[in-house]
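Read through the structure below, which is laid out as structure tokens, and then see the notes.
Numbering (UniProt numbering), first residue to last: 1 to 58.
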């Protein structure tokens, strides 16, 4: 069984219907298309990649 990838909001916040997901909170994109757009724009990141990106992003 494949592990489910979690995403974290890293820039601003996301409103999904009546729910608001703030920076640092886990976000589950409702579709692959939206996930890809948010990843490309840098609004969300794969959970677990935050530490490695911050260390090498100097």
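Don't be surprised by glycine CBs; every beta carbon is placed ideally from N, CA and C. Keep in mind that this is a model prediction, so the values were computed, not measured.
task: Within 10 angstroms of the Cβ of residue 38, are there 16 or more other Cβ atoms? Answer buried if so, exposed if not.
output: buried
message: Tell me the DSSP secondary structure of residue 16 in three-state form.
response: strand
- request: Give the secondary structure of residue 35 by DSSP, where H, G and I count as helix, E and B as strand, and everything else as coil.
  value: helix
- prompt: What's the C-alpha gap between residue 40 and residue 21?
  reply: 18 Å
Other residues of its chain near residue 5: CB distance less than 7 Å, five sequence neighbours each side excluded: 46
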